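**Student:** Before I ask anything, here is the structure I am working with.
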Amino acid sequence: MTDRSRLLLLGPIDLRVGDTSLVLGAPRHRALLALLGLAAGRVKPVTAIVDELWGDDPPSTVVNVVQVYVASLRKVLAPAGLTASLVTQSPGYRLMLPPGTVDVELFDQERRAGARREARGDHHGAATAYRTALDQWRGTALADLDFAPFVAVERRQLEEARLAAVVGWLRCLAALGVHDEAMPALERELAANPLHEELWGLRATMLYQAGRQSDALTTLRRARRLLSRELGVDPGPGLLEVERRVLAQDPSLTRVAKRPLSGSAVTHVATSASGGFAVVLPDGRRLVLGRRGAVVGRHPDCEIVLNHGDVSRTHARIAATSRGHSVEDLGSTNGTAVNGEPVVPGPEGRPLSHGDRIEIGPLIVRYEAGPAATS
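By my numbering, the letter at position 234 of the sequence shown is numbered 240, and the numbering carries on one by one without gaps.
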C-alpha cells in the first residue's frame, strides 16, 4: 500500500491515492468496501455480509455473489496497493489496513484524545483534537449507500459521535473565551438538534461571556418553552445550573482558561495571499499560503509563527511544488509528521494532499488545496 491511500467513509465513500479517487464499481461493491472498512480489521462473517447488504431479500446464489464481489473489489483496490489487505479468513473476509488509513478511525482517535485532554483541563489541546476529529467529516456519513440495510444504524452511531465531538469542541472554546468563532457552528448544530440541552446552555454561556446577559436569559427561556412543548419536561440539572449562574452573574462564567487558543496556533503569516492553498487552525480559521510556501516555527522571522515552547525556532518548511506543496522537517527537536507519519529531515519533503494533518511538534494544522482553500 502507498503511504497516501485513504479510505473515506465520513461522507460519500471514496478511496483516494494522493488526490486521485479510484473507481469503486457497482453500488454493492462500494457498500462491501465500507462494511469491511467499518469492521476495523475484524473478520466479517459471510452471513453478516449477506444480512447487512441484502437484508431479508438476498439472491438465491448469494454466497457466490459475495465471492464475485470480493474478487472484483480486489481488482479495484490494486491501484491503491490494497489487494493483499483484503483477506479471506473463516468465516468470512477481513480488510487489514495500516493505522490511519480509514477516516472513521482517525476521527475516533482524535475524538477520544479530545475527551481525555478536556478531562485533564487542557482545553486548548482538547479543542485541537476535537477540531481535527471533526475535520475528517465531508458530509453525511456513508452518503451514497442508503440502499444497504446496515447504513442507517452505522450512520446514527457515527452522527452521535460527531455531535459529541462538536459539543466537546464548543465547550472548550467557551472555556477559552473564543465565543465569536464558536457561535456560528453552535447555531448550525442547534438548528439540527433543537432539543439538545447542552447546546442551549453553551449558547447562553457564550452570550453571557460576550456581555449579553439579557440575550443569555432569553436563550434559556426559549429552551425551557421548547422542552416543555416538544417533550413535556422541564430543563435538566445542567441547563438549570447555567441559568442559576447567569442570574447570579457568576464570575466563573467569564473566567477563561489561562492559556488562550491562539497560544498554540498560527499567530502570524507573511506569505502572499494569492493561490488556492491554506492551513486551517483548530478553531476553523483559514490562513492562505502563497505559491512560494512558508517556513514554520517559533522564531518571529518565520513566515508562519507558532507560539509554543515545543516548536523549534525554525521547525519545518511548507514548500511550493508543481502540484501544490510539500512539507520538509528542518531538523526540529520534536519532529514533523503528516497524518501521523513522521517526516524524515531532509530536502525531499513529504507531498501534501488536500485534508492532510500537518503535525508541527505537538500542534496540528490542516492543509487545504485547490478551490476548497479559497471557499
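Cβ coordinates follow ideal geometry from the N, Cα and C atoms, glycine included.
Note that the structure is a prediction, hence the values are computed from the model and not measured.
Would leucine 28 and valine 82 be called neighbours here (beta carbons separated by less than 8 Å)?
**Tutor:** Yes, these two residues count as a Cβ contact at 8 Å.
**Student:** For the alpha helix (DSSP H) holding aspartate 57, just list the boundary residues, first then last.
**Tutor:** Where aspartate 57 is concerned, the enclosing alpha helix (DSSP H) stretches over 52 to 60.
**Student:** According to the Cβ coordinates, are leucine 358 and histidine 331 closer than 8 Å?
**Tutor:** Their beta carbons are under 8 Å apart, which means leucine 358 touches histidine 331 by this criterion.
**Student:** Alpha carbon to alpha carbon, how far is aspartate 362 from leucine 30? Give it in angstroms, no decimals.
**Tutor:** Their Cα atoms are separated by approximately 22 Å.
**Student:** How is the alpha helix (DSSP H) around arginine 251 delimited, first residue to last?
**Tutor:** Counting along the chain, the alpha helix (DSSP H) containing arginine 251 begins and ends at 243 to 253.
**Student:** Since glycine 401 is in the alpha helix (DSSP H), which residue starts that stretch and which ends it?
**Tutor:** This structure cannot speak to residue 401, because the chain is shown only from 7 to 381.
**Student:** So is alanine 77 buried or exposed if we call it buried at 16+ other beta carbons inside 10 Å?
**Tutor:** The residue is exposed, with fewer than 16 neighbouring Cβ atoms inside 10 Å.
**Student:** Quick one: is aspartate 159 buried, meaning 16 or more other Cβ sit within 10 Å of its Cβ, or exposed?
**Tutor:** It is valine, not aspartate, that sits at residue 159 in the sequence shown. With fewer than 16 Cβ atoms within 10 Å of its Cβ, valine 159 is classed as exposed.
**Student:** Determine whether the beta carbon atoms of leucine 140 and alanine 180 lie at a separation below 8 Å.
**Tutor:** No.
**Student:** Distance check for alanine 222 and proline 65, CA to CA, integer angstroms please.
**Tutor:** Computed Cα separation, rounded: 58 Å.
**Student:** Please report how far the alpha carbon of leucine 233 lies from the alpha carbon of aspartate 63, in whole angstroms.
**Tutor:** Spanning the two alpha carbons is a distance of roughly 41 Å.
**Student:** Give a yes or no on contact between the region 99 to 119 and the region 39 to 57, applying the rule of three or more CB pairs nearer than 8 Å.
**Tutor:** The region 99 to 119 is in contact with the region 39 to 57.
**Student:** Evaluate the contact criterion for the region 159 to 168 versus the region 189 to 197: three or more CB pairs, one atom per stretch, below 8 Å.
**Tutor:** Taking 8 Å as the limit for Cβ pairs, the verdict is that the region 189 to 197 does not touch the region 159 to 168.
**Student:** Taking Cβ positions, are leucine 293 and isoleucine 366 nearer each other than 8 Å?
**Tutor:** For leucine 293 and isoleucine 366, no; Cβs fall outside 8 Å.
**Student:** Tell me aspartate 20's beta-bridge partners as DSSP assigns them.
**Tutor:** Aspartate 20 is bridged to Leu14.
**Student:** By the DSSP assignment, the beta strand (DSSP E) with alanine 300 in it spans what residues?
**Tutor:** Segment 300 to 303, the beta strand (DSSP E) holding alanine 300.
**Student:** Just to confirm, are leucine 151 and arginine 12 a CB contact at a threshold of 8 Å?
**Tutor:** Not a contact, by the Cβ cut-off of 8 Å.
**Student:** Mind listing, in chain order, the continuous beta strand (DSSP E) runs of no fewer than 3 residues lying wholly within the region 282 to 357?
**Tutor:** Those beta strand (DSSP E) runs which fall completely within the region 282 to 357 and span 3+ residues are 283 to 286, 292 to 295, 300 to 303, 310 to 312, 322 to 326, 331 to 335 and 342 to 344.
**Student:** Roughly how many angstroms lie between the CA atoms of phenylalanine 113 and glycine 127, to the nearest whole one?
**Tutor:** Rounded to whole angstroms, phenylalanine 113 to glycine 127 spans 21 Å at the Cα level.
**Student:** Measure the C-alpha to C-alpha separation of alanine 229 and leucine 201 and round it to an integer number of angstroms.
**Tutor:** If you take the alpha carbons of alanine 229 and leucine 201, they lie about 8 Å apart.
**Student:** Is it the case that the region 15 to 23 contacts the region 68 to 77, given that we only count it when at least three CB pairs across the two stretches are under 8 Å?
**Tutor:** Short answer: they don't touch.
**Student:** Tell whether a beta-carbon distance below 8 Å holds between valine 157 and leucine 148.
**Tutor:** Against a cut-off of 8 Å, the Cβ pair of leucine 148 and valine 157 comes out as a contact.
**Student:** Please state whether DSSP places arginine 265 in a helix, a strand or coil.
**Tutor:** Reliability of the predicted coordinates at arginine 265 is poor, the pLDDT of 48 falling under 50, and the value obtained from them is presented with this limitation in mind. Arginine 265 falls in the coil class under three-state DSSP.
**Student:** Only counting the same chain, and skipping five residues up and downstream in sequence, which positions put a Cβ closer than 8 Å to that of proline 105?
**Tutor:** The residues are Glu111 and Gly346.
**Student:** Looking at the secondary structure, which residues open and close the alpha helix (DSSP H) in which alanine 149 lies?
**Tutor:** Run containing alanine 149: none; DSSP gives neither H nor E here.
**Student:** Could you tell me the alpha carbon to alpha carbon distance between alanine 279 and glutamate 116, rounded to whole angstroms?
**Tutor:** Interpretation of alanine 279 is limited by its pLDDT of 41, a score under 50 that renders its predicted location unreliable; no figure is taken from the coordinates.
**Student:** Measuring alpha carbon to alpha carbon, tell me which of Thr138, Gly217, Thr134 and Thr146 ends up nearest cysteine 178.
**Tutor:** It is Thr134 whose Cα lies nearest to the Cα of cysteine 178.
**Student:** Judging by CA-CA distance, which residue of Gly183, Arg231, Thr339 and Gly174 is the nearest neighbour of leucine 205?
**Tutor:** Checked all of Gly183, Arg231, Thr339 and Gly174; the closest Cα to leucine 205 is Gly174.
**Student:** Let me know if isoleucine 370 comes out buried or exposed under the rule of 16 or more other beta-carbons within 10 Å of its beta-carbon.
**Tutor:** Buried, by the Cβ-count rule.
**Student:** Leaving out five residues before and five after valine 56 in sequence, what residues of the same chain have Cβ atoms less than 6 Å from its Cβ?
**Tutor:** Cβ neighbours of valine 56 beyond the five flanking positions: Pro64 and Val68.
**Student:** Is it true that the CB of leucine 208 sits closer than 8 Å to the CB of leucine 192?
**Tutor:** Result yes, Cβ atoms of leucine 192 and leucine 208 sit closer than 8 Å.
**Student:** Can the beta-carbon of arginine 319 be found less than 8 Å from the beta-carbon of glycine 303?
**Tutor:** Yes, Cβ-Cβ distance for arginine 319 and glycine 303 is below 8 Å.
**Student:** Taking valine 174 as part of the alpha helix (DSSP H), name the residues at either end of that continuous run.
**Tutor:** Reading off the sequence shown, one finds glycine at residue 174, where the question assumed valine. Start and end: 157 to 182.
**Student:** Distance check for arginine 356 and valine 350, CA to CA, integer angstroms please.
**Tutor:** Roughly 8 Å separates the two Cα atoms.
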